[in-house]
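For the sequence shown, the numbering used here assigns the number 132 to the initial residue and increments by one for each residue that follows.
A quick write-up on the structure given underneath.
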Amino acid sequence: MKLIPDAMAQTPQPAAPAQSAPPMTTGTQASGAQPDAAAQQPSLPDLFAQLVPIFVVMGIVYILVIRPRARREKEQLAQLRNVRRGDTLVTSSGIIGKVTKSIDDDEVEVEIAPNVRVRLLRSAIVEVRAKGEPVKEAPASAKS
132 MKLIPDAMAQ
142 TPQPAAPAQS
152 APPMTTGTQA
162 SGAQPDAAAQ
172 QPSLPDLFAQ
182 LVPIFVVMGI
192 VYILVIRPRA
202 RREKEQLAQL
212 RNVRRGDTLV
222 TSSGIIGKVT
232 KSIDDDEVEV
242 EIAPNVRVRL
252 LRSAIVEVRA
262 KGEPVKEAPA
272 SAKS
């Protein structure tokens with residue numbers, strides 16, 4: 132069984148392309164020596180110049196983002212620990228109530244309406260208002 136027809140089997144193969152001349156080189160490459168390893172690696176001042184902006188940006192992020200967030204978390208934890216009977220608080224679901232009893236380290240009892248008391252986890256408290264603290268006013272532009 133013959134798979135290739137006779138006409139295709141006898142076609143001449145194209146000649147291999149002629150080798151081109153090597154590219155022109157200068158300096159030590161022309162003599163065939165390898166370039167210096169120091170020329171390929173960045174020098175210490177170049178490396179330092181590339182790393183300085185990264186450290187500057189990391190410092191700015193720390194000052195503007197991380198430190199204020201940690202301060203707010205610390206203040207909120209202090210507020211939650213200092214919740215006392217009679218304090219008005221706002222929960223994460225938007226319920227506003229008055230603390231009637233501190234049950235333990237994790238829970239408080241809150242009166243949300245006359246004779247309606249619920250137990251809340253301290254972690255659900257978003258804002259603690261002191262006994263005499265007024266409700267925050269809405270911005271004047273919101274009143275239309």
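All C-beta atoms in this analysis are idealised placements derived from N, C-alpha and C, irrespective of residue type, glycine included.
Is it true that the CB of residue j sits closer than 8 Å to the CB of residue i?
i	j	result
Lys-232	Arg-212	no
Leu-307	Asp-237	Lying before the first or after the last residue shown, residue 307 is absent from the chain, which here runs from 132 to 275.
Val-257	Thr-222	yes
Glu-242	Arg-250	no
Asp-218	Val-259	yes
Val-230	Val-214	yes
For residue i, does the count of other Cβ atoms within 10 angstroms reach 16, so buried, or fall short, so exposed?
i	result
Asp-177	exposed
Val-239	buried
Gly-228	buried
Ser-275	Note that Ser-275 has pLDDT 48, beneath the 50 cutoff, so the model's placement of it is unreliable and the number below is only indicative. Looking at its Cβ environment, which holds fewer than 16 other Cβ atoms inside 10 Å, Ser-275 is exposed.
With distances taken Cα to Cα, identify the nearest neighbour of residue i among the options.
i	options	result
Ala-261	Arg-203, Ala-209 and Leu-220	Leu-220
Ser-224	Gln-172, Ser-254, Gln-207 and Arg-203	Ser-254
In the region 172-226, which residue ranges form an unbroken alpha helix (DSSP H) of at least 4 residues, counting only runs that do not cross its ends? 175-192 and 198-212
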